[in-house]
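Enquirer:
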Amino acid sequence: MIIDMESRKNNIKEGLDNIVTINACKLCTPLGACIAFKGIQGCMTILHGSQGCATYIRRYLISHYREPIDIASSSFDENAAIFGGGANLVKSISNVRRQYNPEVLAIATSCLSETIGDDIEMIVKGIESEEKIPIIPVSTASYRGTHREGFYAALLASVKSLAEKKDESSHINIISGMLSPEDIRYLKAIAGEFSDFVLLPDYSETLDSGSWGEYEKIAEGGTAIEDIRSMGSAAGTIELGGSCGLVSTAGKYLEEKFEVPLKNISLPVGLRGSDLLINSLSKLSGKEIPESIKKERLRLLDAYADAHKYLFGVKAIVYGEEDLAVALSSFLSELGISIVLCASGSNTGSFKEEVEKSIIDFDESVTHIAEGVDFEKIDEIAAELEAEIVIGNSKGYKLASKFGIPLIRTGFPIHDRFGGQRIQHVGYKGAMMLLDNIVNAVLETQQKNSSVIYNYM
Amino acid sequence: MTNNKENINSAEVKKELLKQYPPKVARKRDKQIVLIKSKNEKTEEIQANVRTIPGIITQRGCCYAGCKGVVLGPTRDIVNLTHGPIGCGFYSWLTRRNQTMPDGPDDENYMTYCFSTDMQEEEIIFGGEKKLKKAIEEIHELLNPKAIGIFSTCPVGLIGDDVHAVAREMSEKTGINIFGFSCEGYKGVSQSSGHHIANNQLFKHIVGLDDTVKGSSKYRINLLGEYNIGGDAFELDRIFKALDIDLVSTFSGNSSYDQFANSHTADLNLVMCHRSINYLADMMKIKFGIPWFKINFIGAEATAKSLRKIGKYFGDADFRKKIEDFIKKEMEEVEKVRVEMEAKCRGRLAMIFVGGSRAHHYQELFKELGMETVGAGYEFAHRDDYEGRRVLPNIQADADSRNIEELTIEKDPGRYNPRITDEKMKMLESEGLTFSEYEGMMQEMTNGSWAIDDISQYETEKMIELYKPAVFCAGIKEKYIVQKMGIPMKQLHSYDYGGPYAGFNGAINFYREIDRMINTEIWKHIEAPWKKRPELHAKYVFAS
Chain A
54 MIIDMESRKN NIKEGLDNIV TINACKLCTP LGACIAFKGI QGCMTILHGS
104 QGCATYIRRY LISHYREPID IASSSFDENA AIFGGGANLV KSISNVRRQY
154 NPEVLAIATS CLSETIGDDI EMIVKGIESE EKIPIIPVST ASYRGTHREG
204 FYAALLASVK SLAEKKDESS HINIISGMLS PEDIRYLKAI AGEFSDFVLL
254 PDYSETLDSG SWGEYEKIAE GGTAIEDIRS MGSAAGTIEL GGSCGLVSTA
304 GKYLEEKFEV PLKNISLPVG LRGSDLLINS LSKLSGKEIP ESIKKERLRL
354 LDAYADAHKY LFGVKAIVYG EEDLAVALSS FLSELGISIV LCASGSNTGS
404 FKEEVEKSII DFDESVTHIA EGVDFEKIDE IAAELEAEIV IGNSKGYKLA
454 SKFGIPLIRT GFPIHDRFGG QRIQHVGYKG AMMLLDNIVN AVLETQQKNS
504 SVIYNYM
Chain B
344 MTNNKENINS AEVKKELLKQ YPPKVARKRD KQIVLIKSKN EKTEEIQANV
394 RTIPGIITQR GCCYAGCKGV VLGPTRDIVN LTHGPIGCGF YSWLTRRNQT
444 MPDGPDDENY MTYCFSTDMQ EEEIIFGGEK KLKKAIEEIH ELLNPKAIGI
494 FSTCPVGLIG DDVHAVAREM SEKTGINIFG FSCEGYKGVS QSSGHHIANN
544 QLFKHIVGLD DTVKGSSKYR INLLGEYNIG GDAFELDRIF KALDIDLVST
594 FSGNSSYDQF ANSHTADLNL VMCHRSINYL ADMMKIKFGI PWFKINFIGA
644 EATAKSLRKI GKYFGDADFR KKIEDFIKKE MEEVEKVRVE MEAKCRGRLA
694 MIFVGGSRAH HYQELFKELG METVGAGYEF AHRDDYEGRR VLPNIQADAD
744 SRNIEELTIE KDPGRYNPRI TDEKMKMLES EGLTFSEYEG MMQEMTNGSW
794 AIDDISQYET EKMIELYKPA VFCAGIKEKY IVQKMGIPMK QLHSYDYGGP
844 YAGFNGAINF YREIDRMINT EIWKHIEAPW KKRPELHAKY VFAS
């Protein structure tokens, strides 16, 4: 059954609309932190709360990445919920150390431990010297922010706990956003063309590894602790995303604390986004852009020209984490696609401005921007927009199927298609792959809806 | 085909499983790992339903997951409203692959929707009742459903929101049947506490609301503890229809509110997943006089046996003959496939660590394939699910269990009806049809195999390393780690996107799928760790 929400909402009493969240367009804060911590070498994450949080987040991440993901829990009982979970946390740290022998521990809080006011920084300070490995505490109450805020908070906490100023180094820091393992692999390859670099968080292997020859308690890969330490001495930082409404980010912290110059750019999706990344890398490293990358760019431009006839004026709905929705809007507008709705479930207050900036020739009579919305609201706004394609994660399936239009899957979570962890969004190559998918989805729809048999389009 | 069980010294297995733990943890885990002895030796008792030690990575979920996700999740026309921050609602949004079939396209089905109050910091500080009430009002205006369930997440209990008072107030205001569940995640030790809470509230607020006796069949049953994963319920529906059995209500696969309300008019309760639903079976027995017995529709033989039990209960010869004829007909196709698949699977080992009943039920299917289950255990079951209900009087309630409400139930003065006489019940029992009883998983397991409660990730890896089973069954959290080790892994929560596996057609599906899984070429290309370093494993092996 698909409930016709638009017509029902017309009858609703004033002051009631959107109190209840129906089909959320966001996930919870600690989930984002868990993804980020998977990008640190030898790291185990403990969620400080009831064990359901760790279990739910594991099962959800695993359904997207299709990889083993271990997240421990301090397993609160009713006593801990009333009297504080410090003892449980200390016990969980000791047990995780014994079983997993991690190089570093990350501790993220949950709604439960935050509500009762457990001070994990204090608890961690009390035992860190005893445990003899670094422990990264991060506050991730789900009633504050979304998975995206949790992701960036975890990165900030990591550099806060580990980064230091040593001898100046010529390497570049790349602080990545909520991207796929395939994206991270690509970023590493590109960055390597220019300079020595440290990329945080590097979950390119830990969340998308090959078959294991030997059993690994903690999946191999990730940004080495030594490398994170060295981030305070880098020649500069390129930080991707995180510009929407975040007071502090890992990049900002490194700049303020260690005077590492920061270049914050949006997620490098599409031509302009990729140009900005490549140019920043070139500038920071003082190195020319290699021929191979220039060729990739030209190939993309050529594809833009080829695709134009199919895509110009096509109406699209795009949604997701703010950073991705902003970056995708930028890309789609380069293609001549008309973005009729750009939406996000989080509510930072600066989304509108960022989307307006990202879209070429922004026209507010064409593009609706909605933040802090659920899928029912998206559905309601979309009713009159006559969109032709939807771009976002698996949760938009219902919306797309209601309008009978294709959904091009991007971002997270993707649990109704195979290979979500291998979708590339960033760089010229990522843009090319998205472009192919979008054009083909448009063509397929035309073919399907045509009464004559087209096979030459 | 190699069968590693024969070569392993079981005393060493336990040592190996425990050696990495600190002494206190090892002592606790020791009691949860039990070697099955031969029929004339006494198998030790198992410790179960005790809290997972912090930092041990467990398969278990939380109270909320058991209540909202498992028991109430599969009902299509109750609006399930999660009261809390967004995560809990999101993660329980259609993730269990429960299927449902509304009577018509316009019939209510909220299962594909996820309703949440999406609490923000403001509500955590000042209380969330106001937002909850408004959310209910909005649902009322928007959807006007028959019922709304409010599910509490961790912060709710702590900030003092009274979901039951809100439910009462809003129920009066809107005329909708609204009820709350105090299923905060930290309650109890696993999903199990949530099942109990769900059972209680369903019984208090819905069961018994509609006395109309519907349908025309003489054989009116409820199916308890069946959740229609992968379409299991549809296969069982087919069987019941063929036998002219009226399924009044299922708790809760493919179910609706009206079925629950009417369920007390059935004449027999069949209990499938004992763990999650035995409370309702007991309460319906006491209040309405409906007898219950345990059945199992996983496995063709088990299905046949369960149908015969139903036949015996209702008694008449025609009905029993109809059942026999039906079984005979169904088994023809089943046997054809079974024989073919058994030839390719016989002698191999399986492990099943899942659920509160599935680890038991699925042993039947493996048996039919000639495979032995060398290790099995539950995620959230109690001792009675392992050792049988006869141990119930000996189970000491700990602090975690005492916190879950036990309803005091009395005979319904007007509607209590014992269905069958005491004499008839005694007679049936003497013929082997036992009521209100469950024998548990362990009695069906073979000498030298293991029952392990709440297995940890670490123990999972060790068990696989030691026994190298042909297939390992658990949930999605375990799936990929097992497959990295070169062992096929079958999900028995979500069925790996397959199913149904219940009934006769389900058995056929399962045989074929296990054959495909364990005999595919892929595993030959994946080099398992022990293939690379055999010296690591040799030490557990007797000299041959």
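The listed protein sequences derive, respectively, from chains A and B. The working numbering numbers the first residue of the first sequence as 54 and each following residue consecutively. The working numbering numbers the first residue of the second sequence as 344 and each following residue consecutively. Note that the Cβ used here is the ideal one computed from N, Cα and C, for glycine as well.
1. Restricting to runs no shorter than 4 residues, where is the alpha helix (DSSP H) found entirely within the region 601 to 667 of chain B?
2. Just the Cα atoms here: how many angstroms apart are A:Tyr507 and A:Glu497?
3. I want to see whether chain B comes within less than 8 angstroms of A:Lys62, judged by CB atoms only; does it?
4. Report yes or no: do three or more beta-carbon pairs, one from the region 689 to 698 of chain B and one from the region 748 to 760 of chain B, lie closer than 8 angstroms?
5. Counting only the same chain and skipping the five closest in sequence on each side, list residues whose C-beta sits under 7 angstroms from that of B:Phe885.
6. Out of B:Phe433, B:Leu485 and B:Ile857, which has the shortest C-alpha to C-alpha gap to B:Thr496?
7. For a contact meaning CB atoms closer than 7 angstroms, what does A:Tyr372 contact in chain B?
8. Give the secondary structure of B:Ala886 by DSSP, where H, G and I count as helix, E and B as strand, and everything else as coil.
9. Locate the beta strand (DSSP E) running through B:Gln826, then write down its first and last residues.
10. Less than 8 angstroms separating the beta-carbons of A:Asn63 and A:Asp427?
11. Using beta carbons (cut-off 8 angstroms, strictly below), is B:Pro812 in contact with chain C?
12. Could you list which residues in chain A have their beta carbon closer than 8 angstroms to that of B:Leu486, in chain order?
13. What does B:Ile696 pair with, by DSSP beta-bridge criteria?
14. Between A:Thr193 and A:Ala86, is the Cβ-Cβ spacing less than 8 angstroms?
15. Going straight from the alpha carbon of B:Glu870 to that of B:Met828, what length do you get?
16. Enumerate in chain order the residues of its own chain whose CB-to-CB distance from A:Leu324 is below 8 angstroms, with the five nearest sequence positions on each side excluded.
17. What distance in whole Å lies between the Cβ atoms of B:Cys688 and B:Ile861, which are believed to be in contact at a cut-off of 8 angstroms?
18. For B:Met513, count neighbouring Cβ atoms within 10 angstroms of its own Cβ and tell me buried if that reaches 16, exposed if not.
19. Identify whether B:Pro366 lies in helix, strand or coil by the three-state DSSP scheme.
20. Enumerated in chain order, which unbroken segments of the beta strand (DSSP E) with a length of 3 residues or greater are wholly contained in the region 316 to 374 of chain A?
21. At the 8 angstroms Cβ level, is B:Thr455 part of the contact set with chain A, yes or no?
22. So if I threshold CB-CB distances at 9 angstroms, which residues from the region 176 to 203 of chain A count as touching chain B?
23. Which of the three DSSP states is assigned to B:Asn487 in this structure?
24. When DSSP builds the beta bridges, which residues end up paired with B:Lys754?
25. Closest Cβ-Cβ distance between A:Tyr205 and chain B: below 8 angstroms?
26. Our contact map puts B:Gln442 next to B:Asn639 with C-beta atoms below 8 angstroms; I'd like the distance itself, whole angstroms only.
27. Does A:Asn154 pass the burial test, meaning 16 or more other C-beta atoms within 10 Å, or should it be called exposed?
28. Shorter than 8 angstroms from the beta carbon of A:Cys81 to some beta carbon of chain B?
29. What are the boundary residues of the alpha helix (DSSP H) that B:Ser535 is part of?
30. Give a yes or no on whether the C-beta atoms belonging to A:Met231 and A:Phe250 are separated by under 8 angstroms.
31. Whole angstroms is fine: what's the gap from B:Leu835's alpha carbon to B:Arg681's?
32. Helix, strand or coil: how does DSSP classify A:Leu69 here?
33. Can you give, in chain order, each stretch of the alpha helix (DSSP H) that sits fully within the region 447 to 526 of chain B and has at least 4 residues?
34. My output table needs one value for B:Gln834: the three-state DSSP class, helix, strand or coil.
35. Counting only beta-carbon separations shorter than 8 angstroms, does A:Gly323 have a partner in chain B?
36. Out of curiosity, what's the CA-to-CA distance linking A:Lys368 and A:Asn332?
Expert: Put simply:
1. DSSP assignment within the region 601 to 667 of chain B yields the following whole alpha helix (DSSP H) runs of 4 residues or more, N-terminal first: 617 to 631 and 643 to 657.
2. Numbered from 1 along the first sequence, position 454 holds the residue referred to as residue 507 of chain A. Numbered from 1 along the first sequence, position 444 holds the residue referred to as residue 497 of chain A. A direct Cα-to-Cα measurement between A:Tyr507 and A:Glu497 gives close to 10 angstroms.
3. On the first sequence, position 9 is the one that residue 62 of chain A refers to. Yes, because at least one Cβ of chain B sits closer than 8 angstroms to the Cβ of A:Lys62.
4. Not touching, per the Cβ criterion.
5. Position 542 of the second sequence, counting from 1, holds the residue named residue 885 of chain B. With a pLDDT of only 31 at B:Phe885, under 50, the local geometry of the prediction cannot be trusted, and the value read off the model is given with reservation. For B:Phe885, where only same-chain residues beyond five positions count, the Cβ hits under 7 angstroms are Asn350 and Asn352.
6. As a first step, residue 496 of chain B must be located in the second sequence, where it is residue number 153. Of the listed residues, the one whose Cα sits closest to B:Thr496 is B:Phe433.
7. The residue labelled residue 372 of chain A in the question sits at position 319 within the first sequence. By Cβ distance, chain B contributes nothing, its closest Cβ being about 15 angstroms from A:Tyr372, past 7 angstroms.
8. What you label residue 886 of chain B is simply residue 543 of the second sequence in a count that begins at 1. Reliability fails at B:Ala886, whose pLDDT of 27 lies under 50, so the model's placement of it is uncertain and the value that follows must be treated cautiously. Coil.
9. Here residue 826 of chain B corresponds to residue number 483 of the second sequence, with the count starting at 1. DSSP places B:Gln826 outside any beta strand (DSSP E); the residue lies instead in the alpha helix (DSSP H), whose first and last residues are Ile819 to Lys827.
10. Here residue 63 of chain A corresponds to residue number 10 of the first sequence, with the count starting at 1. Here residue 427 of chain A corresponds to residue number 374 of the first sequence, with the count starting at 1. No, they are not a contact pair.
11. As a matter of chain content, chain C is missing from the structure shown, whose protein chains are A and B.
12. One-based indexing of the second sequence puts residue 486 of chain B at position 143. The answer, in chain order, is Ile56 and Arg61.
13. On the second sequence, residue 696 of chain B is found 353 positions in, with the first residue counted as 1. The displayed chain sequence assigns Phe, not Ile, to residue 696 of chain B. Note: B:Phe696 sits in a beta bridge opposite B:Gly720.
14. Residue numbering aside, residue 193 of chain A sits at position 140 when the first sequence is read from its first letter. Residue numbering aside, residue 86 of chain A sits at position 33 when the first sequence is read from its first letter. The answer is yes: Cβ separation under 8 angstroms.
15. Here residue 870 of chain B refers to the residue found at position 527 when the second sequence is read from its first residue. Here residue 828 of chain B refers to the residue found at position 485 when the second sequence is read from its first residue. Their backbone Cα atoms lie some 8 angstroms apart in a straight line.
16. Residue mapping note: residue 324 of chain A aligns to position 271 of the first sequence, counting from 1. Answer for A:Leu324: Arg350, Leu353, Leu354, Tyr357, Phe384, Glu387, Tyr481 and Ala484, listed in chain order.
17. Translated into the one-based positions of the second sequence, residue 861 of chain B becomes position 518. Translated into the one-based positions of the second sequence, residue 688 of chain B becomes position 345. With a Cβ gap of about 7 angstroms, B:Ile861 and B:Cys688 count as contacting.
18. Indexing the second sequence from 1 puts residue 513 of chain B at position 170. Counting every other CB atom within 10 Å of its CB across the protein chains shown gives B:Met513 a total of 16 or more, marking it as buried.
19. In the second sequence, residue 366 of chain B corresponds to position 23, counting from 1. B:Pro366 falls in the helix class under three-state DSSP.
20. If we require 3 residues or more, the beta strand (DSSP E) runs fully inside the region 316 to 374 of chain A come out as 368 to 372.
21. Numbered from 1 along the second sequence, position 112 holds the residue referred to as residue 455 of chain B. Yes - at least one Cβ of chain A is within 8 angstroms of the one on B:Thr455.
22. Listed in sequence order: Ala194, Ser195, Tyr196, Arg197, Thr199 and His200.
23. Within the second sequence, the letter at position 144 stands for residue 487 of chain B. The answer is coil: DSSP assigns B:Asn487 none of H, G, I, E or B.
24. On the second sequence, residue 754 of chain B is found 411 positions in, with the first residue counted as 1. B:Lys754 has no beta-bridge partner at all, per DSSP.
25. Here residue 205 of chain A refers to the residue found at position 152 of the first sequence. Interface flag for A:Tyr205 against chain B is unset, since no Cβ pair is found closer than 8 angstroms.
26. As a first step, residue 442 of chain B must be located in the second sequence, where it is residue number 99. As a first step, residue 639 of chain B must be located in the second sequence, where it is residue number 296. B:Gln442 to B:Asn639, Cβ: 20 angstroms. No contact.
27. As a working note, residue 154 of chain A is residue 101 in the first sequence. By the neighbour-count criterion, in which 16 or more other beta carbons inside 10 Å mark a residue as buried, A:Asn154 falls on the exposed side.
28. As a first step, residue 81 of chain A is located in the first sequence; it is residue number 28 there, counting from the start. At least one chain B Cβ lies under 8 angstroms of A:Cys81.
29. Walking along the second sequence from the start, residue 535 of chain B turns up at place 192. For B:Ser535, the enclosing alpha helix (DSSP H) covers residues Gln534 to His548.
30. Here residue 231 of chain A refers to the residue found at position 178 of the first sequence. Here residue 250 of chain A refers to the residue found at position 197 of the first sequence. Their beta carbons are not under 8 angstroms apart, which means A:Met231 does not touch A:Phe250 by this criterion.
31. The sequence position of residue 835 of chain B within the second sequence is 492, counting from 1. The sequence position of residue 681 of chain B within the second sequence is 338, counting from 1. Taking the straight line joining both Cα atoms gives about 20 angstroms.
32. On the first sequence, residue 69 of chain A is found 16 positions in, with the first residue counted as 1. DSSP places A:Leu69 outside both helix and strand once states are collapsed to three, so it counts as coil.
33. Complete alpha helix (DSSP H) runs here, min 4: 464 to 469, 472 to 486, 497 to 502 and 506 to 517.
34. Numbered from 1 along the second sequence, position 491 holds the residue referred to as residue 834 of chain B. Three-state DSSP puts B:Gln834 in a strand.
35. Taking the first residue of the first sequence as 1, we reach residue 323 of chain A at position 270. Taking Cβ atoms only, chain B never reaches closer than 8 angstroms to A:Gly323, which makes this a no.
36. Locating residue 368 of chain A in the first sequence gives position 315, where the first residue counts as 1. Locating residue 332 of chain A in the first sequence gives position 279, where the first residue counts as 1. Whole-angstrom Cα-Cα distance: 31 angstroms.
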